[in-house]
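The opening position of the sequence shown corresponds to residue 937 in our numbering, with each subsequent residue numbered one higher.
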Amino acid sequence: MTLSYDWLHNYLPEKIAPQKLSKILTAIGLEVESQETYSNIKGGLQGLVAGKVLTCEQHPDADKLKLTTVDIGTEEKLQIVCGAVNVAAGQKVVVATIGTTIFPLEGEPFSIKKAKIRGVQSEGMLCAEDEIGVGGSHDGIMILDEATEPGKPLAEILEVYEDIIFEIGLTPNRMDAMSHRGVARDVIAYINHHEKQQWHLPEIKKDEKAAKKFPKEYSIEIKNEEDCRRYCGVAIDNIAVGESPLWLRNALLSIGVKPINNIVDITNYILHDTGQPLHAFDAAKLAGNTILVRNAEKGEKFITLDAKEKTLRENDLLICDEKGDGKCLAGVYGGQNSGVTNDTTSIFLESAWFAPATIRKTSVELQLRTEAAARFEKGVDISQCLQVLKEASKLIVDNAGGTIASPYVDAYPAPVEPSQIALQYHYLKKLSGKNYHSDSIKNILTALGFKIEKDDIDALTVLVPLHKPDITLPADLVEEIMRIDGLDNIEIPKTISIAPATDPHQQLQAAREKVSNYLVGLGFNEIFTNSISNGKYYEGQAGVVKMINNLSADLDVMRPAMLPSGLEVIAYNLNRKNNNLRFFEFGKTYHEEVLGIYKEVQHLALYATGSTVEANWQSKEKEADLFYVKEACFNILRSVGILQPAIEQTEDGEIHISVAKKVVGNIQVVSTGTLQNFGIKQTVCFADLNWDAVLEALPTVDKKYKEISKFPAVQRDLALVVDKQVTYASLEKAAKSTQINQLRSVSLFDVFEDKKLGEDKKSMALSFTFLDEYKTLTEAEIEAMVAKLITVFEKEVQAQVRGN
């Protein structure tokens, strides 16, 4: 929203300094995004003065230059070299003094400096019209009226208009601030409250001098009273369409609106002044004296003012003449066959209220974004339609020579009554955090246009003005009071009492977030697949939940397992040459346990296929395998606090993961037959964690943190020759059974098989980490612990230490 400083002060009893006004606007929620000086002539003609040419002689060293002496109202006369052919003694001319910056019509601005021209000192410049941006002539220097006094600023002679322009940011609900009058209302409320003033927003001027008898009389017929709740109009005859007066042109130009003619300019002025859009019809182009407001017919054609044809819809609203011919797209755009031209002598002036939703749909659908539509779609003040029409008609009579030719017609089928809101003082205190005096509350609301309906000791009931359609709740009144009083005036208490909120699901949400972050860091991508799946994937499986009204033949069941939907995603990627894939998904499966009894289970599914490490000069390619997925699952469980999950491998190679002897997941290499069903030709490893079971197994004890040990950890390695069927899990279990407190970790770092080891034998190399938090371990202590481990391995798995 663009605001003119001078225009705004039409409604403020006293001048407010620009910087102060900027702070006030921002404080009341109308944030000033920019503040710039405006002049109707670039540079404002600063430094340019009138001068009198006292002497004019030929330059001694140049045939086309003249040497002049110029009086600019100072004791010292200026010597200026000039090349204009029309310069002569006795003329009153425009002088640019030393240091002045001039702004030509074309080219960049430049500053006047002392200079020697062909050996002669020149102390300024005599200017042509185009050199100072006031005209296009360059035939010679600009000659002023003979009566002009030397030294008089040119800005005063040519009546330069200067202003300060504010660009404010408006939130969508602030339709009341989409006009200078609306902004002034807020500023007055702020000044009255903070500076204890009694300013009032001036009432809209009305034309009360209309004759009792009129040559014309118009009637209004509204076919759609929901989309057009009020329609006012008046006829004005004997107008002379022409250029607007200077004050009106300057006002519009300052806010970036191009003047067109006095009629159109007045409607634009009123729009930016009051927020009420108007439209002027050429009365000679209207058939009859009835204005019809109706919905367009589907497919109806309409030609706009800019000669573009639009195809209308049934919800578009038209303003028509007595014959029903569309003359204007209501609230959006005028029609080509009714617009005001230079030949217009009589107009019908419209002021109306149209439904915001209807105007917005028409404006967006037809791509006709106008200033009028921007205001109608936010909701204009229905109560001011007639008063604004009277003010506009007065301006037209005063500035276009017209006369009121008909009574003011006001079609208002169902007058809108202001809504009523009760504000409890204790609620205001609770919501704002501040105790407001009741007089301050009433003064603020009254200044903003609210009417006090009821004033009790502990509450206030107000009528909401119709220019405030966004005010519907007591909280909205609190916001208005706080906005005018100033949010920075809310005191911050020295102490704050709070009751900490507890979220029973916080730990569960944190666990999921932690796992997701880990998997993303590992290189997995999260996927989301459809819970509704294809029944052919689960043929013969018990408890499948079938859809009664399935979406399609391929989407007919609620999935009982996660694997098929993930394989669909893998197949889709593989078909597009994206071969190295790692996915994870949090999703649900569905089962019918008994007839009519259903169960949902939440899962975390992991899929890995292709390379996890691509080949490069440092390392070889590494394919995803069962152990890669197993490690990811164990790290997932450890990350959420489950430190000792157990594993068990079945005969078909599937790995079960257990916590407290309860299976929480399984890991498998997907069978070739299953992969063939999806057209997948490379190995896929899959892990399915029952996430509900994992969450149930989360430790309930608080986490404890301790200081990092000051003493060093010690590592020892053992290579054990064991039978081929011996697993690492059995070795880890045997090591932990020793109950050596200083044993911190066990890891497998090598597996080796060779005939020299013996038939059905293999070597497994383990690394052990020992740490005592209270002292440095001695070599003797370490050897004793290693010996104890060897004894257990020999007894439990018949291991033999390699090299012994």
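Ideal placement from N, C-alpha and C gives every residue a C-beta, glycine not left out.
CA-to-CA distance, residue j to residue i, given in whole angstroms
{"i": "Val1451", "j": "Val1576", "result": "8 Å"}
{"i": "Val1722", "j": "Glu1536", "result": "49 Å"}
{"i": "Ile1038", "j": "Ser1047", "result": "6 Å"}
{"i": "Ala1146", "j": "Ile1340", "result": "Note on Ala1146: pLDDT 49, under 50, position unreliable in the model; the coordinate value appears next. Looking at the two C-alpha atoms, the distance is approximately 6 Å."}
{"i": "Ala1735", "j": "Arg1512", "result": "50 Å"}
{"i": "Asp1696", "j": "Trp1627", "result": "39 Å"}
{"i": "Asn1371", "j": "Gln1133", "result": "22 Å"}
{"i": "Val1414", "j": "Ala1125", "result": "15 Å"}
{"i": "Phe1704", "j": "Lys1660", "result": "22 Å"}
{"i": "Ile1140", "j": "Leu1214", "result": "15 Å"}
{"i": "Asn1128", "j": "Val1119", "result": "14 Å"}
{"i": "Tyr974", "j": "Ile1100", "result": "6 Å"}
{"i": "Leu1611", "j": "Glu1301", "result": "50 Å"}
{"i": "Lys1731", "j": "Ile1591", "result": "26 Å"}
{"i": "Leu1381", "j": "Lys1387", "result": "8 Å"}
{"i": "Ile1332", "j": "Leu1423", "result": "43 Å"}
{"i": "Leu990", "j": "Gly979", "result": "28 Å"}
{"i": "Lys1482", "j": "Met1498", "result": "16 Å"}
{"i": "Asp1081", "j": "Leu1222", "result": "49 Å"}
{"i": "Glu1144", "j": "Ile1393", "result": "Since pLDDT at Glu1144 reaches only 48, below the 50 mark, its modelled position is unreliable, and no value is offered."}
{"i": "Pro1089", "j": "Phe1102", "result": "27 Å"}
{"i": "Ala1308", "j": "Asn1278", "result": "23 Å"}
{"i": "Ile1506", "j": "Ala1629", "result": "27 Å"}
{"i": "Glu1104", "j": "Gln955", "result": "The question names Glu, yet the displayed sequence has Ile at residue 1104. About 14 Å."}
{"i": "Ala1020", "j": "Glu1095", "result": "26 Å"}
{"i": "Ile952", "j": "Ile960", "result": "10 Å"}
{"i": "Ala1176", "j": "Val1276", "result": "11 Å"}
{"i": "Ser1374", "j": "Ser1329", "result": "41 Å"}
Within 9 Å, strictly: CB atoms of residue i and residue j
{"i": "Thr1010", "j": "Gly1060", "result": "no"}
{"i": "Gly1384", "j": "Arg1165", "result": "The sequence shown places Leu at residue 1384, rather than the Gly named in the question. For Leu1384 and Arg1165, no; Cβs fall outside 9 Å."}
{"i": "Asp1252", "j": "Lys1314", "result": "no"}
{"i": "Glu907", "j": "Thr1226", "result": "Lying outside 937 to 1740, the shown extent of the chain, residue 907 is not represented and no answer is given."}
{"i": "Ser1699", "j": "Val1682", "result": "no"}
{"i": "Lys1566", "j": "Ala1623", "result": "yes"}
{"i": "Ala1336", "j": "Asn1186", "result": "no"}
{"i": "Ile1202", "j": "Leu1228", "result": "no"}
{"i": "Glu1462", "j": "Phe1519", "result": "yes"}
{"i": "Gly1057", "j": "Gln1015", "result": "Per the sequence shown, residue 1057 should be read as Gln rather than Gly. Their beta carbons are under 9 Å apart, which means Gln1057 touches Gln1015 by this criterion."}
{"i": "Leu939", "j": "His1116", "result": "yes"}
{"i": "Asn976", "j": "Tyr1097", "result": "yes"}
{"i": "Pro1751", "j": "Ser1342", "result": "There is no way to answer for residue 1751, as the model of the chain reaches only from 937 to 1740."}
Host alpha helix (DSSP H) of residue i (start-end)
{"i": "Met1418", "result": "1410-1421"}
{"i": "Tyr1508", "result": "1499-1510"}
{"i": "Thr1382", "result": "1374-1383"}
{"i": "Ala1064", "result": "Unbroken run through Ala1064: none, as it is neither H nor E."}
{"i": "Thr1033", "result": "Element bounds for Thr1033: n/a, residue is neither H nor E."}
Pick from the options that is closest to residue i, judged by C-alpha positions
{"i": "Ala1219", "options": "Val1170, Ala1541, Tyr1344", "result": "Val1170"}
{"i": "Thr1431", "options": "Gly1369, Phe1464, Asp1392, Ile1484", "result": "Gly1369"}
{"i": "Ala1350", "options": "Thr1525, Glu1161, Glu1103, Gln1057", "result": "Glu1161"}
{"i": "Leu1515", "options": "Glu1098, Gly1523, Leu1503", "result": "Before going further, note that residue 1515 is Asn rather than Leu in the sequence given. It is Leu1503 whose Cα lies nearest to the Cα of Asn1515."}
{"i": "Thr1712", "options": "Tyr1154, Ala1649, Pro1195", "result": "Ala1649"}
{"i": "Glu1389", "options": "Pro1354, Glu1415, Leu1409", "result": "Pro1354"}
{"i": "Asn1571", "options": "Gly1589, Leu1542, Lys1598", "result": "Leu1542"}
{"i": "Lys1524", "options": "Glu1475, Leu1625, Ile1434, Ala1507", "result": "Leu1625"}
{"i": "Asp1346", "options": "Tyr1167, Asn1278, Phe1685, Lys1052", "result": "Tyr1167"}
{"i": "Ile1352", "options": "Tyr1363, Ile1318, Pro1195, Ile1196", "result": "The amino acid at residue 1352 is misidentified as Ile; the sequence shows Val. Answer by Cα proximity: Ile1318."}
{"i": "Gln1651", "options": "Ser1666, Arg1680, Tyr1664", "result": "Arg1680"}
{"i": "Thr1586", "options": "Ala1596, Val1605, Leu1517", "result": "Val1605"}
{"i": "Val1268", "options": "Gln994, Thr1240, Leu981, Lys1149", "result": "Thr1240"}
{"i": "Val1599", "options": "Ile1583, Ile1616, Gln1356, Ser1469", "result": "Ile1583"}
{"i": "Met1111", "options": "Met1418, Gly1211, Gly1262, Val1029", "result": "Gly1211"}
{"i": "Tyr1363", "options": "Pro1496, Ala1113, Ile1417, Tyr1534", "result": "Ile1417"}
{"i": "Ser1547", "options": "Lys1404, Ala1560, Leu1573, Glu1521", "result": "Ala1560"}
Span of the beta strand (DSSP E), counted from its first residue to its last, around residue i
{"i": "Phe1284", "result": "1283-1290"}
{"i": "Arg901", "result": "Residue 901 lies beyond the stretch modelled for the chain, which goes from 937 to 1740, so this question has no answer here."}
Next on the checklist: Report the start-end ranges of each alpha helix (DSSP H) in the stretch 1432-1486 that is 4 residues or longer and not cut off at the edges.
Outcome noted: 1442-1458
Next on the checklist: Give the list of continuous alpha helix (DSSP H) stretches no shorter than 4 residues that lie fully inside the stretch 1106-1182.
Outcome noted: 1116-1131
Checklist entry - Considering only residues of the stretch 1308-1372, which uninterrupted beta strand (DSSP E) runs meet the minimum length of 3 residues and lie entirely inside it, listed in chain order? => result Taking only runs of at least 3 residues, the beta strand (DSSP E) segments lying wholly in the stretch 1308-1372 are 1345-1347, 1356-1360.
Checklist entry - Of all the beta strand (DSSP E) runs that stay within the bounds of the stretch 1545-1583, which reach a length of 3 or more residues? => result 1547-1549
Checklist entry - Where are the alpha helix (DSSP H) runs, 4 residues long or more, that stay fully inside the stretch 1639-1674, in chain order? => result Correct list: 1664-1672.
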